[in-house]
Amino acid sequence: MQKSAVKLRSRQTAGAGATAPDFVPNRTIVLVGLMGAGKTNIGRRLAARLDLPFFDSDSEIEAAAGETIEEIFRNRGEAAFREGERKVIARLLDQPTHVLATGGGAFMDAATRAVIARRGVSVWLRADLDILLARVSRRSNRPLLKEGNPRAVLTGLIERRYPIYAEADITIDSGDGPPDLTATRTIAALAVCQRALTPPGAETGP
2 MQKSAVKLRS RQTAGAGATA PDFVPNRTIV LVGLMGAGKT NIGRRLAARL DLPFFDSDSE
62 IEAAAGETIE EIFRNRGEAA FREGERKVIA RLLDQPTHVL ATGGGAFMDA ATRAVIARRG
122 VSVWLRADLD ILLARVSRRS NRPLLKEGNP RAVLTGLIER RYPIYAEADI TIDSGDGPPD
182 LTATRTIAAL AVCQRALTPP GAETGP
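Start counting the sequence shown at 2; every next residue gets the next number (this note's numbering).
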């Protein structure tokens, strides 16, 4: 089954009917995007509405390492963090269908993208610079933002990462509107994507 055959871009304002109440995901939903895109926030809403477990890869990495992300970066460096991130995401994707929020750099790793393509469906939550900047300014535990001016750092990350994020199966604009509306649009896009990728007569349950 070639997941790359379907690419969805969602910008529409969806009404209540777009939630596809009969939609049952048959693959883990993997949220990708920059810090501040809303992956954890939207991920929790998707999991609740789809009656699925929710995992945050950063939290799982911290639990496995016994350190915070900031401590891992400071004590062992980014390369060690990325290696642990790769292993944790692969382990999570071996579990039954769930919603997984990944760190901003996870999808940049080719091996991680490959395992997501095999075992999940990727959703890029895309947001513009000003929205990201406003959101990340509320927290002080972003290691990459301590390397310089946050606006300049985010601008550089957008330039490097957005072309790779664009390889995701689905793109959803994560603006400053209600998070529930973003979740609704995401579920609708996931339902369309799954129907397009499921052969007629095939089982769609988890």
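In this text, a Cβ means the ideal position worked out from N, Cα and C, and glycines have one as well. Note that the coordinates shown come from a computational prediction; the quantities given were computed from them, not determined experimentally.
Could you pull out every residue in the same chain whose Cβ sits closer than 8 Å to the Cβ of R120, ignoring the five residues on either side in sequence?
Scanning its chain for C-beta atoms nearer than 8 Å, with the 5 sequence neighbours on each side dropped, one finds around R120 the residues R28, T29, L94, D95, in chain order.
Out of curiosity, what's the CA-to-CA distance linking T187 and A135?
Whole-angstrom Cα-Cα distance: 22 Å.
Out of G178, G176, D170, D177, which has the shortest C-alpha to C-alpha gap to A190?
Residue nearest to A190 within the set G178, G176, D170, D177 is D170 (criterion: CA-CA distance).
According to DSSP, what are the bridge partners of L123?
Per the sequence presented here, residue 123 reads as Ser, with Leu not at that position. S123 is bridged to V31.
Could you check which residue in A192, A80, T103, F56 has the C-alpha nearest to that of P97?
Ranking the options by Cα distance to P97, first place goes to F56.
Could you tell me how far apart the beta carbons of Q195 and P26 are, in whole angstroms, since I believe they sit closer than 8 Å?
With a Cβ gap of about 7 Å, Q195 and P26 count as contacting.
Within its chain, find whatever has a CB closer than 8 Å to the CB of F24; leave out the 5 residues flanking it on each side and keep chain order.
Cβ-Cβ distances below 8 Å link F24 to L51, I188, L191, A192, Q195 in the same chain, with the five nearest sequence neighbours on each side left out; the list follows chain order.
Specify the secondary structure class of T172 as computed by DSSP and reduced to three states.
The three-state secondary structure of T172, taken from DSSP, is strand.
Name the two residues that bound the continuous beta strand (DSSP E) containing L101.
Its beta strand (DSSP E) spans residues 100 to 102.
Could you tell me the alpha carbon to alpha carbon distance between A167 and R45, rounded to whole angstroms?
About 23 Å.
Nearest to L198 (by Cα), restricted to the options A118, L133, D129, I165
Nearest C-alpha to L198 among A118, L133, D129, I165: A118.
Return the first residue and the last residue of the beta strand (DSSP E) that D57 is part of.
Start and end: 55 to 57.
Any idea what DSSP makes of A128, helix, strand or coil?
Correct three-state label for A128: coil.
Report the CB separation of A48 from V100 in whole angstroms; it is logged as a contact under 8 Å.
Contact between A48 and V100 holds, with the beta-carbon distance rounding to 4 Å and staying under 8 Å.
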